[in-house]
Structures are given as structure tokens and as C-alpha cells.
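In our numbering, the protein residues as written are 10 to 329.
1. Quick check: the region 30-37 against the region 94-112, are there 3 or more CB pairs under 8 Å?
2. Taking the beta carbon of residue 56 as the centre, do at least 16 other beta carbons fall within 10 Å, making it buried, or is it exposed?
3. Using CA coordinates, which residue listed in 202, 238, 322, 53 is at the minimum distance from residue 184?
4. Determine the closest residue to residue 143 out of 15, 278, 326, with distance taken between C-alpha atoms.
5. May I ask you to verify whether the region 212-219 touches the region 236-246, counting CB pairs closer than 8 Å and requiring at least 3?
6. Can you tell me which of the three DSSP states residue 12 falls into?
7. Under 8 Å by Cβ, that's how I've got residue 176 and residue 195 pegged, so tell me the actual separation to the nearest angstrom.
8. Could you give the uninterrupted runs of the beta strand (DSSP E) lying entirely in the region 24-71, keeping only those of 3 residues or more?
9. Have a look at the DSSP bridge pairing and note the partners of residue 302.
10. Does the beta-carbon of residue 179 have 16 or more other beta-carbons within 10 angstroms, so that it is buried, or is it exposed?
11. Who are the Cβ neighbours of residue 168 in its own chain at under 6 Å, not counting the five residues just before and after it?
12. When you compare the CB positions of residue 97 and residue 280, do they come within less than 8 Å of one another, or not?
13. Have a look at 255, 84, 242, 70 and flag the residue whose alpha-carbon is nearest the alpha-carbon of residue 210.
14. Straight-line CA distance for residue 245 to residue 86?
15. Could you say which of 174, 186, 139 lies nearest to residue 264 if we only look at CA atoms?
16. Looking only at C-alpha atoms, which of 47, 283, 39 sits nearest to residue 160?
17. List in chain order: all unbroken alpha helix (DSSP H) runs of 4+ residues lying wholly within the region 239-289.
18. DSSP beta-bridge partners for residue 197?
19. According to the Cβ coordinates, are residue 232 and residue 259 closer than 8 Å?
20. If contact is defined by three or more beta carbon pairs under 8 Å, each pair taking one atom from either stretch, is the region 73-81 in contact with the region 11-22?
21. Helix, strand or coil for residue 121, going by three-state DSSP, please let me know.
22. Enumerate in chain order the residues of its own chain whose CB-to-CB distance from residue 223 is below 6 Å, with the five nearest sequence positions on each side excluded.
What follows is the structure, encoded as C-alpha cells:
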């Protein structure tokens, strides 16, 4: 088959469309014929040499895909060859085929095809496992989402609103904030013009943060009493100082999460919860994937440049 390989750590130009060995579905796995793959910040980090695949995972980038089952490994039940699915992956989505544990499969949801469904598994599983399973966001609480117009952000807004929360977002342009408002965001903050910590002082019950060090102290300032800060990215650096008294005063909690490194059984638990609680929202249009653009798989370098420019809203997809 053909896949996107990384010739060496570096810029987008290191992504190469090449012939590679065909994957094989092992016990408990299925082989998926890929129709489309989602592009995520983690893929950029892997390309740069800063985020290696976990042991045993495909070396090719791509943490989610949509497609059709081509083969079943030993012991797989509940799925059949020809089923249309999307999947949460540990790697290998930027390819014509990928092997994936059966517990990480989801049926194509209502209103989607195998291409649009590729925009869902990584971002939905990330938001559900962190904001709801981990931080326990409840109806009536306020969620602050940094990067509200990103793939993660557009899903987080819709899910939080569907479960009765108030949503505040940060973004860097009026156009992006307008799109966040269309998705249901209640408080719109242009981080280039206003300080979110001042706007939301003592107001956010949960903060979903992609920035890391740069925002740490201000995130704590923005938290309500008993607030929960969830860090899922480090676009603003990895080292910061924090006055621990600010945590004690608010009884605040800081957690972090990485979906990729979880064991298969942990991912299967999250996928099952998403199927139960989130998939019905797609059927009644309370959640819809936001897709900025699609590009051919062979043009993965262009997709990475678009992602790194931060000019997109929602997801960028690579298609066969």
C-alpha cells in the first residue's frame, strides 16, 4: 500500500507519499480501508520528532480515520467485512489501510459518510474523556475553551451546550469568534485584544487548555472555586512557575491528558462511552463535524502547513 512516511524530523517537506508494507489485522483487530484521515496537532509534533508513536503502533502519522472494514482478525465479533466505520488510532491514519483494535471502532453516525466521520474520533474522544469523564462538567457550569475555532474547540462547544453548560471561548479573530457563536458559544474573547483571565475571573468551572505554560497562571485566575483545569496541549510552552496558594484558595485541580498513549482497553472504554453518550447527538444534529477543507492524502505536507498557520476553522481532512 501507500502511506505518508516521515523521512526525518523536520518541516512539512519531510512528509513523503511512499510504498510501504501492507498492515495485517492481528487477533482482536480489523483492517480498515481508509477513505479519509483527520489532521491533528499531534501529527505535527510527530513529524517534528517530538511525539513518538507508542510501542507497537504504526510509525505513520494519523490518529483517526473513516473507511470500510476490509478484513477481520482472529476473535473479532460484532463487525463484518464491508461495514463502514470510523476509528480512533494510535497511528497509521495517513495511509490506504490501517489495522486497529476492534474496541476502537465506531459505526458511521447518522448524517455522515466515511469522509466526514474521519473528523470525529480523535477530537470527540479527547473532549469526552477530559471534559466530561475526567473533569465532570455538569449542566449549569461554565466551560472555557481555548482555541474555540479549532477541531477540538468546535466539538467542545457543541458537546458542552448539548449537556446544558455555558461556554466561553478564546480565538484570535472576529471571524473565528463569529463561527464559535454560531456553534453556541456564550462568551467570546479575542485573546489578541482582551485578557480572558480578567473577563472570566472566578467564572470558569472547567478550562480546556491547549496552551500549557503560557496560560497556566491566568487559567488559575479564571477558575471558579472548585474549578478544574485540564491541559491537553503545550503550544505555549512546557515550563512555568505557579504560586500554589492560588490553587489552595480556589480548591482547584490541575489534570493533564494524552489519549494516544492509553492502553487499548482504556481507549475502548472511552470509545464505548462516546458511542453511548455522543453518537445520539449526531443523529439529531446537536453535534456536527466542522470541516475546514479536504486535501488528497498525498498532499499531507500542504495540510500540515495549513494547520500550522492556524488560519483554519474546524478540521482538516486528508482523503483517498
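Heads up, the beta-carbon is just placed ideally off N, CA and C, and yes, glycines get one too.
So, from the data block:
1. yes
2. Here residue 56 is taken as the residue at index 47 of the chain shown, counted from 1. Classification for residue 56: buried.
3. Here residue 184 corresponds to residue number 175 of the chain shown, with the count starting at 1. Looking at the Cα atoms, 322 is the closest of the given residues.
4. As a first step, residue 143 is located in the chain shown; it is residue number 134 there, counting from the start. Taking each of 15, 278, 326 in turn and checking the Cα distance to residue 143, the smallest one comes out for 278.
5. yes
6. The residue labelled residue 12 in the question sits at position 3 within the chain shown. Here residue 12 sits in strand by DSSP.
7. If you number the chain shown from 1, residue 176 lands on position 167. If you number the chain shown from 1, residue 195 lands on position 186. Sure, about 5 Å apart at Cβ, within 8 Å.
8. 24-28, 38-48
9. Here the question's residue 302 lines up with position 293 in the chain shown. Answer is 325.
10. As a position in the chain shown, residue 179 is number 170, starting the count at 1. Under a 10 Å Cβ-count criterion, residue 179 is classified as buried, with 16 or more other Cβ atoms of the shown protein chains found around its own Cβ.
11. For the purposes of this step, residue 168 is identified with residue 159 of the chain shown, where counting begins at 1. Cβ within range, chain order: 136.
12. For the purposes of this step, residue 97 is identified with residue 88 of the chain shown, where counting begins at 1. For the purposes of this step, residue 280 is identified with residue 271 of the chain shown, where counting begins at 1. In contact: residue 97 and residue 280 (Cβ atoms closer than 8 Å).
13. Residue mapping note: residue 210 aligns to position 201 of the chain shown, counting from 1. If we check each option's Cα against that of residue 210, 255 comes out closest.
14. Walking along the chain shown from the start, residue 245 turns up at place 236. Walking along the chain shown from the start, residue 86 turns up at place 77. Taking the straight line from one Cα to the other gives about 44 Å.
15. As a first step, residue 264 must be located in the chain shown, where it is residue number 255. It is 139.
16. The residue labelled residue 160 in the question sits at position 151 within the chain shown. If we check each option's Cα against that of residue 160, 47 comes out closest.
17. 253-259, 273-286
18. Taking the first residue of the chain shown as position 1, residue 197 is located at position 188. In the DSSP output, where bridge partners are listed per residue, residue 197 has 178.
19. As a first step, residue 232 must be located in the chain shown, where it is residue number 223. As a first step, residue 259 must be located in the chain shown, where it is residue number 250. Taking 8 Å as the Cβ cut-off, residue 232 and residue 259 qualify as a contacting pair.
20. no
21. As a first step, residue 121 is located in the chain shown; it is residue number 112 there, counting from the start. In the structure shown, residue 121 sits in coil (DSSP, three-state: anything other than H, G, I, E or B).
22. The residue labelled residue 223 in the question sits at position 214 within the chain shown. The residues are 245, 246.
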